[in-house]
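K.L.:
Please read through the structure below; I'll follow up with questions.
Protein chains in written order, with the working numbering: chain A, 7 to 403; chain B, 164 to 471.
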């Protein structure tokens, strides 16, 4: 019995080996035609109060990926998007960061969009060595904490704040300013960056806070009215909340000029939401309105034909996705050798990327964008009209 | 200091406006507590549904950024919201509370919390968690205001207070003068005895729920016009404030609820004169705690041994 069974075993063994060989050759032949896909994460608020901004960002990222895939993906590997909804909530941002970190096929992330979510999720991305390019997280500290995976294509609030203060004191020549913030990392952070410049110019500054979940602004607005300021600065993250505040101010007979940061530059939520009462208001922007950039026209047309009116960070998201894809293409000659570490390296070497934002993009050693500008817009006849431009110089750089 | 004093007239107006909404909500809370001895924690979310219904009706009529007949649309919003919340209230009573009647009070309380969570999450999913802006300028221009003794009273606020006062006067008449009102008071005093006297307490409870929910629906439309936006979370804090107002007035007492609502609105507004406005909700809960410590039966409540 034993003796008889031996040849049988070797025959079976030969069969298995042959099958394996066929399989190996087969996959090798197959992979020459279609390589496995590569993934990029898209982290942002796709539900919740600021989801309009988030979803426009996500749609713009989708368009960038579609274009890249039509052009052969990343060196032959098709790109897939992993959607990571953080609802602008720092706790959720950590959970989705863990999810992206665990998927080894994710080689980079576009986002997070909010300062608070970026701040919370950064340690997780750093541990995973997963590079991120934020399109809109402007809180200065984010690139000051020594995380080498953090890049952003937006200028920081310590550039936006002083520029706003300069505009308020020199152009508007306001003497008394009431600053209202919403206690968020972004809102309060930006307000903190506006205040020193005002005080240095001898302007009287009063401050008050609301909560980002507040709906009744009569208490704070009654105080504002009693202080009779020349200007009310809104350090708010949610343009719909700002619109509501402006409407309630009118109901209290408060006739004052408002100004806000980049997060409020949202036509349908701020201008249309305020029902004509935002007229004359100023907002700063962390980038040129891409409607004024010739290279962006094709993108805007295509986007708006598919998804309707684009909000403020659509162009930034599209650009960030393209920079990430461009870096991944440069990361390694062998498409299968592209990984988080060489993608991070390639992003840091991005120099003079000419996209749709109207200026060539490079990163400094901290991961901050170089060469950006801060723009001031005013609401005139229901549209944002540019009225001033300031170079985004970061102190200490 | 001078600045502080100059704010007083406006804060009185703010307080009365808020108070009129709290009073309507507290009435619903108190009515249901009166007949059922249960805290209807879903009340705030019924209010939220009312606010969304008002918004939905307005959107239906607001074509191309215009509304043909603002006053008619306003009436349609109120009627739509009242209809929707009345139906919702009847449904909640029938399916979430009636099957549990006779059981422990804790059971109905938990059921109420369950309904609240369901309504809140349903609204969150339907709206993707995003606040809906109410184009109030199509109905009443936001800057249509009266200035009086240092206070600014907008047309919206005036309408809110007037509607609220009329509604409460009507309700008072219903409770004190009609046959149903008597049956309701009887049920509230002692439901078993009322049943022996031929009162259909089940019917009374159902109608009370419908009435209370309708008031919440009306309050929802009013707060939507006042805040100029609605979101799925507005029911939570509104519900807590209505509960506080009801306790302050003496839970189970109708006039107490109205007075409690008004007082709470004023307390909130005067509190923010001194404390930073961001603490306005904390002030409300301080009032609740103080009431529970100093006068647990509330302003109008009588300490009752049989219900202890």
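Beta carbons: idealized from backbone N, C-alpha and C, even for Gly. Predicted model, so just to flag it, every value in this text is computed and none were measured.
Within 7 angstroms (strictly less), CB to CB, does residue 256 (chain A) reach chain B?
P.N.:
Yes, its Cβ sits closer than 7 angstroms to a Cβ of chain B.
K.L.:
May I ask you to list, following chain order, the residues of the region 234-262 of chain A that have a beta carbon less than 7 angstroms from some beta carbon of chain B?
P.N.:
So the list reads 246, 249, 250, 253, 254, 256, 257, 258, 259, given in the order they occur along the chain.
K.L.:
For residue 140 (chain A), would you say it is in contact with chain B, using Cβ-to-Cβ distances shorter than 7 angstroms as the test?
P.N.:
It does not; no Cβ of chain B falls within 7 angstroms.
K.L.:
Would you call residue 211 (chain B) buried or exposed, if buried means 16 or more other Cβ atoms sit within 10 Å of its Cβ?
P.N.:
Result: buried.
K.L.:
Which one or two residues does DSSP pair with residue 45 (chain A) in a beta bridge?
P.N.:
Paired residue(s): A:86, A:112.
K.L.:
Does the Cβ of residue 270 (chain A) have 16 or more other Cβ atoms within 10 Å, making it buried, or fewer, making it exposed?
P.N.:
Classification of residue 270 (chain A): buried, given that the 10 Å Cβ count is 16 or more.
K.L.:
With DSSP collapsed to three states, give me the class of residue 392 (chain A).
P.N.:
Strand at residue 392 (chain A).
K.L.:
Is there a Cβ of chain A sitting closer than 7 angstroms to that of residue 256 (chain B), yes or no?
P.N.:
Taking Cβ atoms only, chain A never reaches closer than 7 angstroms to residue 256 (chain B), which makes this a no.
K.L.:
Alpha carbon to alpha carbon, how far is residue 167 (chain A) from residue 396 (chain A)? Give it in angstroms, no decimals.
P.N.:
Those two C-alpha atoms are separated by around 11 angstroms.
K.L.:
Taking the alpha helix (DSSP H) that residue 267 (chain B) belongs to, which residues open and close that run?
P.N.:
Counting along the chain, residue 267 (chain B) falls outside any alpha helix (DSSP H), and DSSP gives it neither H nor E.
K.L.:
Could you tell me which chain B residues have their CB closer than 7 angstroms to the CB of residue 228 (chain A), listed as they occur along the chain?
P.N.:
Within chain B, the residues near residue 228 (chain A) are 170, 173, 174, 177.
K.L.:
Using beta carbons (cut-off 7 angstroms, strictly below), is residue 298 (chain B) in contact with chain A?
P.N.:
True, the Cβ-Cβ gap to chain A drops below 7 angstroms.
K.L.:
Chain B beta carbons: is any one of them nearer than 7 angstroms to that of residue 217 (chain A)?
P.N.:
So, interface residue.
K.L.:
Using beta carbons (cut-off 7 angstroms, strictly below), is residue 387 (chain A) in contact with chain B?
P.N.:
No, residue 387 (chain A) lies away from the interface with chain B (no Cβ there is under 7 angstroms from its Cβ).
K.L.:
Does residue 177 (chain B) pass the burial test, meaning 16 or more other C-beta atoms within 10 Å, or should it be called exposed?
P.N.:
Classification of residue 177 (chain B): buried, given that the 10 Å Cβ count is 16 or more.
K.L.:
Which term fits residue 347 (chain B), buried or exposed, when burial requires 16 or more other beta carbons within 10 angstroms of its beta carbon?
P.N.:
Under this definition residue 347 (chain B) is a buried residue.
K.L.:
Report yes or no: is there a C-beta of chain A within less than 7 angstroms of the C-beta of residue 383 (chain B)?
P.N.:
Judged by the 7 angstroms Cβ criterion, residue 383 (chain B) is not in contact with chain A.
K.L.:
For residue 203 (chain B), does the count of other Cβ atoms within 10 angstroms reach 16, so buried, or fall short, so exposed?
P.N.:
With 16 or more Cβ atoms within 10 Å of its Cβ, residue 203 (chain B) is classed as buried.
K.L.:
Nearest to residue 188 (chain A) by alpha carbon, out of A:180, A:213, A:99?
P.N.:
Of the candidates A:180, A:213, A:99, the one whose C-alpha sits nearest the C-alpha of residue 188 (chain A) is A:213.
K.L.:
Is residue 393 (chain B) a contact residue of the ligand GTP, with contact defined as CB to any heavy atom under 6 angstroms?
P.N.:
The ligand GTP is not part of this structure, which contains no ligands at all.
K.L.:
Within 7 angstroms (strictly less), CB to CB, does residue 294 (chain B) reach chain A?
P.N.:
Chain A, which has a Cβ nearer than 7 angstroms to the Cβ of residue 294 (chain B), makes this yes.
K.L.:
Determine, using beta carbons only, whether residue 225 (chain A) comes closer than 7 angstroms to chain B.
P.N.:
It does: the Cβ of residue 225 (chain A) has a partner Cβ on chain B nearer than 7 angstroms.
K.L.:
According to the neighbour-count rule (16 or more other Cβ atoms, all chains shown, within 10 Å of its Cβ), is residue 8 (chain A) buried or exposed?
P.N.:
Low confidence applies here, because residue 8 (chain A) scores a pLDDT of 45, under 50, leaving its location unreliable; read the following figure in that light. Exposed is the call here.
K.L.:
Drop a sphere of 10 angstroms on the beta-carbon of residue 312 (chain A), count the other beta-carbons inside from all chains shown, and report buried for 16 or more, exposed for fewer.
P.N.:
The residue in question, residue 312 (chain A), is exposed, as its Cβ has fewer than 16 Cβ neighbours within 10 Å.
K.L.:
Counting only beta-carbon separations shorter than 7 angstroms, does residue 306 (chain B) have a partner in chain A?
P.N.:
Yes, contact with chain A.
K.L.:
Would DSSP call residue 62 (chain A) helix, strand or coil?
P.N.:
Three-state result, residue 62 (chain A): helix.
K.L.:
Return the Cβ separation of residue 80 (chain A) and residue 344 (chain A) in integer angstroms, given the expectation that the two are a contact with Cβ distance under 8 angstroms.
P.N.:
With 8 angstroms as the limit, residue 80 (chain A) and residue 344 (chain A) qualify as a contact, their Cβ atoms being about 7 angstroms apart.
K.L.:
Roughly how many whole angstroms lie between the Cα atoms of residue 204 (chain A) and residue 208 (chain B)?
P.N.:
Approximately 44 angstroms, taken between the alpha carbons.
K.L.:
Could you give the distance in angstroms between the alpha-carbon of residue 100 (chain A) and the alpha-carbon of residue 123 (chain A)?
P.N.:
Roughly 8 angstroms separates the two Cα atoms.
K.L.:
Please name the residue in A:305, A:53, A:279 whose C-alpha comes closest to that of residue 287 (chain B).
P.N.:
Out of A:305, A:53, A:279, A:53 has the C-alpha closest to the C-alpha of residue 287 (chain B).
K.L.:
Under a three-way DSSP split, which group does residue 170 (chain B) fall into?
P.N.:
Coil, per DSSP.
K.L.:
Around the Cβ of residue 293 (chain B), are there at least 16 other Cβ atoms within 10 angstroms (buried) or fewer (exposed)?
P.N.:
It is buried - the Cβ of residue 293 (chain B) has at least 16 other Cβ atoms within 10 Å.
K.L.:
Residues of the region 440-454 of chain B with a CB closer than 9 angstroms to any CB of chain A: list them in chain order, please.
P.N.:
If the cut-off is 9 angstroms between Cβ atoms, the region 440-454 of chain B has 440, 441, 443, 444 near chain A.
K.L.:
Taking only the alpha-carbon atoms, compute the straight-line gap between residue 160 (chain A) and residue 87 (chain A) and give it to the nearest angstrom.
P.N.:
When rounded, the distance between both Cα atoms is 22 angstroms.
K.L.:
Rounded to a whole number of angstroms, what is the C-alpha to C-alpha distance between residue 322 (chain A) and residue 273 (chain A)?
P.N.:
Each residue's alpha carbon lies about 16 angstroms from the other.
K.L.:
Starting from residue 91 (chain A), follow its DSSP beta bridges and name the residues at the other end.
P.N.:
The partner list for residue 91 (chain A) (beta bridge, DSSP) reads A:50.
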